[in-house]
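Following: one structure in structure tokens, then a few remarks.
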Amino acid sequence: MGKIFLTALAAVLGLGIATAKAAEGVEIPSRDWSFTGPFGKFDPAARQRGFQVFKEVCSGCHALEYIAFRNLAELGYNEDEVKAIAAEFTVVDGPDDEGEMFERDGKPSDFWPAPFPNDKAAAAANGGAVPPDLSLITKARKNGHNYLFALLIGYEDPPGDFELLEGLNYNKYFPGHQIAMAAPLSEDAVEYADGTAATVEQMAHDLTTFLAWTAEPEMEARKQMGLKVMIFLVVFSIVLYAVKRKVWAGLH
Amino acid sequence: MNGMNNPLVKWIDHRLPIFTLMKAELTDYPTPRNLNYWWNYGSLAGITLMIMIVTGIMLAMQYTAHVDHAFQSTERIMRDVNYGWLIRYIHTNGGSFFFIVVYIHIFRGLYYGSYKPPRELLWMLGVVILLLMMMTAFMGYVLPWGQMSFWGATVITNLFSAIPWVGDAIVTWLWGGFSVDNPTLNRFYSLHYLMPFVIVAVVVLHLWALHRFGSNNPLGIDAKGPQDKIPFHPYYTVKDLYGLAVFLLVYAGFVFYAPNFFGEPDNYIPANPLSTPAHIVPEWYFLPYYAILRAIPDKLLGVIAMFASILVLFILPWLDRSPVRSGRFRSWMFKVTFWIFLADCVVLGVVGAFPPEGTWLIVGRLTTAWYFLHFLVILPVLSVVERPKPLPSSISEAVLGGGHSAAGAAAKPMEKA
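Protein sequences appear in the order of chains A and B.
Mapping to this note's numbering: the first sequence position 100 is 1439, numbers consecutive.
Mapping to this note's numbering: the second sequence position 253 is 718, numbers consecutive.
Structure follows, in structure tokens:
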């Protein structure tokens, strides 16, 4: 009976997966990432380069609401470097004792400043589309990191019969293929401090690694703790099984 | 329990016999000796409820129930509260595991006839717990105020608008306004905090009713004497603990390695009343009911069918008239229909995840029809036409094959006491 049930279940689930793929259109290619898998860690060099791409390319339009300058210490920057990065930005603070708002240099405790004061301003400056906040972007999309990478390299000329609306751009992997964001990355858009060649693919990879970190900054700590917890629970289960056998031995 | 001789314990127990009660109901409590591992899920459900309450109280210390701050405060819990990510992931995955455990617990009851006399009220209290859990889970899912929180709340509360005449007024009343907004979030938070304690109260009644006649067992026959039962402690405490460790292993696997497996990516986008997600889907544990709702073309009838799919469980003890409890001694027809019914529920869950179009709509309608057919036609007819197998004369005879050693084994724990 169990067999029939399992076969029926497999048939239904198989059908489900096939339909899901058809509905989404283009399949998102999978890629090797340093941070996937039970022992995965963020590649520190790629993450720092990705931060550079974000800072120099993306941050002009996209906010990073949940990242404070102090969080950048996790990327490997020391205290002075974090202070220096924060000080590059001007932050509105106040009110002061006279009741006036004032501007000052950014401090490590400040959050990453948004490029636009509100969504209306963001939409007005970007042809009507609000650039989404990127802090959680890899968690907020299905298959997030693969999707983000694919999207960043997915810009191409539309097929001949494709009708592209005014002001939109063709992207192979975007649902519906018409995206308001113009191709953000171009060859050598940034000059990497470590000398890595800034190809579009390299920048997309680095940026995705950085944004995977902004979405799940706890990931490495989580997996490390997970390993200890799993080992403990395996041993604990075995011990309890032995105790159970011993306690019940007299009954059978 | 040597502690009973402690003078302080004696003093208290004389005035408030709580130790006597604990000894009788938690330690000595006579339990059928033949419970299999499907009987672990009751205690697992209770422990999961406790985990949810503890993590929930901790989350409530950091969470802000306001449309402008709910999403942000949830993210701050994940990032800036010490081990906040751990507490939140235990809580969100705990919701899923609570339902997994309870669904297994229910199907165990369905197969072994745990709803039959004299345990009808025990069963019905269980259905009440299920309903309360569903309300609690639904309102909890709204709290992070992501896109699915907002739109899920909008869709589900809108169901009540199907009620003739007063529907729209009821929806406005539920919302506390003319759309899902801050008053809705606030009352959902309040109720989400309250309901688990109501669940605890009903669980107490559930256990009270359970202990009246004791657990059912895989043979489905009543215990004939002391040789058929063993004290709960140490036998089932250790068996439940072992089950708990294995359960925690699976649970922790998701918490630490796939914490968003059961979630929707859309819920990491802040709620936006002006932008509707392409597919609004509830959490997986609601998908079968969602499929039933959408299988029926009429909104009011769909809502009625959805609620009826749970309410039918209340009258199950009177639908299935077979005097034999355990599926083990019922005809092959019962076993076949049981597994078909289980598969039917799983298929309903799959259907619920897809838009009601084409093949999915047809499959959804057939499986919905079968769901009600199973309870309203198959089980009542089966209990009249089938010829059950002969029942063993006692638990100890069936388990020990004679009952010679039964007296010795049963006496052992008594010596300890």
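Glycine is no exception: its CB is placed at the ideal position from the N, C-alpha and C atoms.
Cβ of residue i within 8 Å of any chain A Cβ
i, result
"residue 742/B", "no"
"residue 714/B", "yes"
"residue 543/B", "yes"
"residue 667/B", "no"
"residue 749/B", "no"
"residue 685/B", "no"
DSSP-derived helix/strand/coil call for residue i
i, result
"residue 696/B", "strand"
"residue 1431/A", "strand"
"residue 724/B", "coil"
"residue 1509/A", "strand"
"residue 717/B", "helix"
"residue 853/B", "coil"
"residue 1402/A", "coil"
"residue 1479/A", "coil"
"residue 1450/A", "strand"
"residue 818/B", "coil"
"residue 584/B", "coil"
"residue 476/B", "helix"
"residue 1387/A", "helix"
"residue 651/B", "helix"
CA-to-CA distance, residue j to residue i, given in whole angstroms
i, j, result
"residue 468/B", "residue 698/B", "15 Å"
"residue 575/B", "residue 1576/A", "29 Å"
"residue 609/B", "residue 658/B", "14 Å"
"residue 591/B", "residue 1589/A", "34 Å"
"residue 562/B", "residue 531/B", "28 Å"
"residue 1370/A", "residue 1404/A", "27 Å"
"residue 598/B", "residue 664/B", "7 Å"
"residue 738/B", "residue 527/B", "25 Å"
"residue 693/B", "residue 727/B", "42 Å"
"residue 1581/A", "residue 729/B", "40 Å"
"residue 1393/A", "residue 1399/A", "9 Å"
"residue 635/B", "residue 652/B", "15 Å"
"residue 1540/A", "residue 1492/A", "7 Å"
"residue 500/B", "residue 835/B", "31 Å"
"residue 1360/A", "residue 685/B", "Bear in mind that the predicted position of residue 1360/A carries a pLDDT of just 42, short of 50, making it unreliable; the figure below should be weighed with that in mind. Residue 1360/A and residue 685/B: Cα-Cα distance of roughly 46 Å."
"residue 471/B", "residue 477/B", "10 Å"
"residue 473/B", "residue 668/B", "30 Å"
"residue 1389/A", "residue 1528/A", "12 Å"
"residue 1362/A", "residue 1427/A", "Residue confidence is low: residue 1362/A scores 42 on pLDDT, short of 50, so the model does not pin down where it sits. Its coordinate-derived value is still stated next. Roughly 45 Å separates the two Cα atoms."
"residue 572/B", "residue 807/B", "8 Å"
"residue 1471/A", "residue 642/B", "29 Å"
"residue 560/B", "residue 844/B", "31 Å"
"residue 784/B", "residue 586/B", "15 Å"
is_contact[residue i, chain B] using C-beta, thresh 8 Å
i, result
"residue 1470/A", "no"
"residue 1557/A", "yes"
"residue 1405/A", "yes"
"residue 1528/A", "no"
"residue 1494/A", "no"
"residue 1475/A", "yes"
"residue 1573/A", "yes"
"residue 1402/A", "no"
"residue 1373/A", "no"
"residue 1580/A", "yes"
"residue 1568/A", "yes"
"residue 1377/A", "yes"
Beta-bridge partners of residue i, as assigned by DSSP
i, result
"residue 502/B", "Paired residue(s): none; residue 502/B is not in a bridge."
"residue 493/B", "According to DSSP, which records beta bridges pairwise, residue 493/B is partnered with nothing at all."
"residue 1443/A", "1430/A"
"residue 735/B", "611/B"
"residue 1517/A", "1509/A"
"residue 1494/A", "1510/A"
"residue 1407/A", "1450/A"
Near the ligand SAM: residue i beta-carbon under 7 Å from a heavy atom
i, result
"residue 757/B", "Of ligands this structure carries none, so the ligand SAM is not represented either."
Original post:
Would you call the region 1420 to 1439 of chain A and the region 1468 to 1480 of chain A touching, i.e. three or more CB-CB distances under 8 Å?
Top reply: Contact fails: fewer than three Cβ-Cβ distances are below 8 Å.
Original post:
Just checking, does the region 1375 to 1391 of chain A make contact with the region 1537 to 1545 of chain A on the three C-beta pairs under 8 Å criterion?
Top reply: yes
Original post:
Touch check for the region 580 to 594 of chain B and the region 781 to 795 of chain B: three-plus C-beta pairs under 8 Å?
Top reply: yes
Original post:
Okay, do the region 551 to 566 of chain B and the region 504 to 514 of chain B touch, 3+ Cβ pairs below 8 Å being the bar?
Top reply: yes
Original post:
Within the chosen definition, does the region 482 to 491 of chain B reach the region 734 to 751 of chain B through at least 3 CB pairs nearer than 8 Å?
Top reply: no
Original post:
Is it a yes or a no for the region 1445 to 1458 of chain A touching the region 1407 to 1414 of chain A, going by three-plus beta-carbon pairs under 8 Å?
Top reply: yes
Subject >> Meets three-Cβ-pair contact criterion under 8 Å: the region 809 to 819 of chain B and the region 827 to 840 of chain B >> reply: yes
**OP:** Evaluate contact between the region 487 to 504 of chain B and the region 857 to 864 of chain B, counting only Cβ atoms and requiring at least three cross-stretch pairs below 8 Å.
**Re:** With a cut-off of 8 Å, the region 857 to 864 of chain B and the region 487 to 504 of chain B count as touching, because enough Cβ pairs lie within range.
**OP:** Could you tell me whether the region 664 to 678 of chain B touches the region 1552 to 1566 of chain A, using the rule of 3 or more Cβ pairs below 8 Å?
**Re:** no
Subject >> Inter-stretch contact at 8 Å, needing at least 3 Cβ pairs: the region 1426 to 1442 of chain A / the region 1454 to 1473 of chain A >> reply: no
Subject >> Segment contact, 8 Å Cβ cut-off, at least three pairs: the region 797 to 804 of chain B with the region 836 to 854 of chain B >> reply: yes
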